[in-house]
Amino acid sequence: MAEAVPLTAEVSSMSKPRGRTASQTGSIAPSTIRRPGAADLRIGTSGWHYRAWNGPFYPRDMKPRAFLSFYVEHFNTAEINNSFYRLPSEQAVRAWREGVPDGFLFAWKASRFITHLKRLKDVEDSVGLVFGRMSGLGPAFGPALFQLPPTFEADPENLERLARCLGHLPQGQRCAFEFRHPSWYEERPLRLLRNRNAALCITDHRAAPSPWIATADFVYVRGHGPTGFYAGHYERPTLQDWSARLRLWHAEGRDVFVYFDNDVKGAAPEDAKLLLALTEGAIPPSTPCRPGGSSRSGPDSRGWPRSPGSDGR
C-alpha cells in the first residue's frame with residue numbers, strides 16, 4: 009500500500025493541473041474552477057434529508073420540505089446521495105439549485121449504474137447523461153464522487169477501465185474516486201488519478217480505509233463514523249488531527265471538501281460543525297466540547313487518526 013508522504017513531497021510529485029476547458033455537457037460553473045490564492049474550505053454532510061435529525065439538528069417540529077433551507081444556514085456544501093440510486097429529475101435538480109444561496113456548492117454521487125453495474129466498463133454515454141443532468145445545478149454544481157464496490161479490485165482489467173473512465177470525464181470537472189478495496193492505494197492507480205487531476209477520496213470506511221494522500225488540486229474526504237459504519241460521534245482529538253491536515257492542504261492552495269456520513273442519530277451535522285470550528289480557528293484546541301473525549305494519540309498505520317474501531321475490531 010502506498011504510504012502517506014510529506015505534503016510538500018506529494019505536491020512536487022503531482023502532474024501539473026490540466027487546463028480547464030468547457031465541459032462536454034456545457035460550461036463548467038465558475039465556482040468549481042480553482043482560483044489561485046482563493047482556496048475553498050467546505051465542510052458539510054452526506055445528505056441532509058433525515059427525519060432522525062429532528063431534535064439533534066433540525067427543530068423537532070420541522071417538516072422535511074424545510075430541511076434544506078435550515079441546513080444552508082449552517083453549512084456551505086452538501087453531498088447529494090440520491091443521484092447514486094437514480095437519475096434525479098430535472099425538477100429535483102432545479103429545486104436544489106433554487107433552494108441554496110449564492111456560493112453554496114453541491115457535491116454529488118455518480119450513478120451506481122456506472123460504478124456497480126457497469127463497473128466502469130463502456131460508460132461514456134452514462135457519464136454524459138448524468139453530468140448533463142447534474143449540470144442543471146448551475147453555479148451550485150460541485151465535485152462528482154464515484155464510489156466503487158468492495159469487489160472492484162485494482163487488477164489490470166479494472167485499471168484499464170479506470171483509465172478509460174477518466175478519459176470520458178468532462179474537462180475541468182472535479183471528480184473524486186472512493187475505493188472500497190485496498191489494492192487501489194498502490195502507486196500505479198494513484199498515478200492514474202494524479203495524471204488526470206482526479207482526487208483519491210480519503211475515507212475511513214471499514215471495508216478499506218484509505219491513506220491520507222492528495223492526488224489532485226483539491227481534497228475530498230468522507231467520514232463514515234468512528235467505526236466506519238455510519239454511526240457514532242468522532243472524538244474531539246480525532247477531529248483536531250483532521251483539522252491540522254486539512255489546514256495544511258488548504259494553505260497549499262488546495263480546495264478542501266469534507267462530508268460526514270455518520271448520519272445515525274444526527275452525529276454528522278454535529279461533527280461537521282465541530283470540525284469547521286476547529287479548522288477555522290473558532291474554538292481554541294484546549295476548549296472542551298463534548299464530555300468523555302479521549303486523549304490525543306498519533307495516527308494509525310494508514311494515516312487515519314486513531315479512533316474507536318480503527319484497530320480493526
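The number in this note's numbering is simply the position in the sequence shown, starting from 1, with 8 added.
The beta-carbon is built from N, C-alpha and C at its ideal position, and this holds for glycine as well.
> Mind checking Ala259: buried by the 16 CB within 10 Å criterion, or exposed?
Replying inline: Counting Cβ neighbours within 10 Å, Ala259 comes out exposed, since fewer than 16 surround it.
>> On the DSSP letters alone, give me the boundaries of the alpha helix (DSSP H) that Tyr228 sits inside.
In response: Tyr228: not part of any alpha helix (DSSP H); member of the beta strand (DSSP E) spanning Phe226 to Gly231, first to last residue.
> Excluding sequence positions up to five away, which residues of its chain have a Cβ less than 7 Å from the Cβ of Pro109?
Replying inline: Answer for Pro109: Val80, listed in chain order.
> Is it true that the region 266-273 meets the region 191-200, where meeting means three or more beta-carbon pairs spaced less than 8 Å apart?
Replying inline: Contact between the region 266-273 and the region 191-200 is not established, with fewer than three Cβ pairs separated by less than 8 Å.
> In angstroms, rounded to a whole number, what distance separates the CA positions of Asp279 and Pro217?
Replying inline: Near 19 Å, if we compare the C-alpha coordinates of Pro217 and Asp279.
> What does a CB cutoff of less than 6 Å around Met142 pick up in its chain, not counting 5 residues either side in sequence?
Replying inline: Trp116.
> Nearest to Pro277 by alpha carbon, out of Gly240, Ser119 and Phe112?
Replying inline: Looking at Gly240, Ser119 and Phe112, the one whose alpha-carbon comes closest to that of Pro277 is Gly240.
> Who are the Cβ neighbours of Lys273 in its own chain at under 8 Å, not counting the five residues just before and after it?
Replying inline: Contacts found: Ala60, Pro64 and Ala239.
>> Taking the beta carbon of Leu125 as the centre, do at least 16 other beta carbons fall within 10 Å, making it buried, or is it exposed?
In response: Residue environment analysis places Leu125 among the exposed positions, since fewer than 16 neighbouring C-beta atoms fall within 10 angstroms of its C-beta.
>> Using the three-state DSSP reduction, which class does Val101 fall into: helix, strand or coil?
In response: In the three-state scheme derived from DSSP, where H, G and I count as helix and E and B as strand, Val101 is classed as helix.
>> Among the candidates Arg262, Glu243, Gly233 and Arg230, whose CA atom is the shortest distance from the CA of Ala222?
In response: Checking every option, the nearest Cα to that of Ala222 belongs to Arg262.
> Which value, in whole angstroms, describes the spacing of the CA atoms of Leu156 and Arg188?
Replying inline: Rounded to whole angstroms, the separation of the alpha carbons of Arg188 and Leu156 is 6 Å.
>> Whole angstroms are fine: how far does the CA of Thr53 sit from the CA of Arg214?
In response: Their backbone Cα atoms lie some 18 Å apart in a straight line.
> According to DSSP, which residues form a beta bridge with Val266?
Replying inline: Per DSSP, Ile51 and Val229.
> Per DSSP, what kind of secondary structure is Lys117 in: helix, strand or coil?
Replying inline: Under the three-state reduction of DSSP, Lys117 is assigned to strand.
> Does DSSP put Pro147 in a helix, in a strand, or in coil?
Replying inline: DSSP places Pro147 within a helical segment (H, G or I) once states are collapsed to three.
>> On a Cα-Cα basis, can you pick out the residue from Tyr228, Ala224, Leu167 and Trp257 that is closest to Gly212?
In response: This sequence places Asp at residue 212; Gly is not what is there. Measuring from the Cα of Asp212, the nearest candidate turns out to be Tyr228.
>> Given this structure, state the Cα-to-Cα distance separating Gly107 from Ser77, to the nearest angstrom.
In response: Between Gly107 and Ser77, the C-alpha separation is close to 7 Å.
> Given Arg102, which residues of its chain have a CB within under 7 Å of its CB, disregarding the five upstream and five downstream residues?
Replying inline: Hits under 7 Å: Gly144.
> Comparing alpha-carbon positions, which option in Tyr58, Gly55, Ile122 and Leu167 lies nearest Leu137?
Replying inline: Ranking Tyr58, Gly55, Ile122 and Leu167 by Cα distance to Leu137 puts Ile122 first.
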